[in-house]
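Line by line, the protein sequences are chains Z and A.
Just so we're aligned, residue 11 is where the first sequence starts under this note's numbering, counting upward by one.
Just so we're aligned, residue 84 is where the second sequence starts under this note's numbering, counting upward by one.
For glycine and all other residues, C-beta sits at the position ideal for the given N, C-alpha and C.
Data block below; observations after.
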Amino acid sequence: MNVWDYFDQWQRQCEANSLPSDSSYNDMCAAFAGSDENMGRIFGRLVISERAYLSVSERVVIGDGRAYREEYSYYLIVDDEEVFGRDRDLTHVPPEHGHEGEGHEWIETGPVSFQEVIDLAWERVTELDAF
Amino acid sequence: MEKRYYDTRTLERALDVYEAHFGLRSSEFYEAHQADDERVATIPRRHRQHWASFYREWEEFRGEDDFAGQVRRQLEPA
């Protein structure tokens, strides 16, 4: 596996969850030059509805034939407000954490998959009737 | 998917956009972000996370692909 395989998988996952890019999936993905296709980034917005989108940032490293999200940051935005965030940031202990609501309350989350974030985003958008 | 690549100059341009938008140098931002200082309190969380992530990667690799790094190596004893 290299980052391009990972990006292709990621695109298929977005499509399967009805999450188009606000630009193009291609514009959101790039490999780090000189990394032998083993490092890359995903960055941009996935559209949920007219009022909601998922802000996505991943720094991906390939090792032992697997993709590792060294850093990630997923935020659900509704009407320009951050509803929740899930981050992995190696400068924090523990690296995985989340933020909830207007006050950005800090919560411990443990590692979360992209699919878990997608499911949570759809759940919140439904609760908020933000279509 | 069409292959696209980025390097430290790409990261630098991304940092420039944040600096121009929020009126802070990236190094100052990063220090304030890590300390959860009030200078960054009005910056939405996601932008803080993204800016910090770009900055960390730029810091990690900036010495690798510029001539300053090459000059330093040339000046070192073999």
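Selected residue, minimal CA-CA separation from residue i, among the options
| i | options | result |
| --- | --- | --- |
| residue 135(A) | 31(Z), 59(Z), 101(Z) | 101(Z) |
| residue 94(Z) | 69(Z), 112(Z), 105(Z), 73(Z) | 112(Z) |
| residue 90(Z) | 58(Z), 124(Z), 26(Z), 27(Z) | 58(Z) |
| residue 85(Z) | 49(Z), 47(Z), 34(Z), 62(Z) | 62(Z) |
| residue 37(Z) | 49(Z), 29(Z), 24(Z), 53(Z) | 53(Z) |
| residue 43(Z) | 145(A), 159(A), 157(A) | 145(A) |
| residue 39(Z) | 130(A), 100(A), 88(A), 160(A) | 88(A) |
| residue 129(A) | 87(Z), 137(Z), 106(Z) | 87(Z) |
| residue 97(Z) | 126(Z), 128(Z), 122(Z), 71(Z) | 122(Z) |
| residue 127(A) | 101(A), 114(A), 141(A) | 101(A) |
| residue 75(Z) | 16(Z), 28(Z), 118(Z) | 16(Z) |
| residue 19(Z) | 138(Z), 140(Z), 124(Z) | 124(Z) |
Residue-chain proximity (residue i, chain Z), Cβ-Cβ < 8 Å
| i | result |
| --- | --- |
| residue 99(A) | no |
| residue 85(A) | yes |
| residue 140(A) | yes |
Contact set between residue i and chain A, taken where Cβ atoms lie within less than 7 Å
| i | result |
| --- | --- |
| residue 101(Z) | 117 |
| residue 43(Z) | 88, 89, 90 |
| residue 109(Z) | 128 |
Short CB-CB distance (under 8 Å) between residue i and chain A
| i | result |
| --- | --- |
| residue 36(Z) | yes |
| residue 95(Z) | yes |
| residue 24(Z) | no |
| residue 92(Z) | yes |
| residue 132(Z) | no |
| residue 19(Z) | no |
First and last residue of the uninterrupted alpha helix (DSSP H) at residue i
| i | result |
| --- | --- |
| residue 107(Z) | Not the alpha helix (DSSP H): residue 107(Z) falls in the beta strand (DSSP E), residues 106 to 110. |
| residue 99(Z) | First-last for residue 99(Z): undefined, no H or E at that position. |
| residue 133(Z) | 124 to 137 |
| residue 103(Z) | Taken as a continuous stretch (DSSP letters only), residue 103(Z) belongs to no alpha helix (DSSP H), as it is neither H nor E. |
| residue 100(A) | 91 to 105 |
| residue 40(Z) | No alpha helix (DSSP H) contains residue 40(Z), which is instead part of the beta strand (DSSP E) from 39 to 42. |
Where residue i meets chain Z, residues with beta-carbon distance less than 8 Å
| i | result |
| --- | --- |
| residue 136(A) | 67, 69, 81, 83, 99 |
Within chain Z, partners of residue i - CB distance below 9 Å
| i | result |
| --- | --- |
| residue 133(A) | 53, 65, 67, 83 |
Interface partners of residue i on chain A, CB under 9 Å
| i | result |
| --- | --- |
| residue 40(Z) | 86, 87, 88, 89, 93 |
Endpoints, the beta strand (DSSP E) within which residue i is located
| i | result |
| --- | --- |
| residue 83(Z) | 76 to 88 |
| residue 49(Z) | 49 to 57 |
| residue 71(Z) | 62 to 73 |
| residue 140(Z) | Segment: none, residue 140(Z) is in no beta strand (DSSP E) and carries neither H nor E. |
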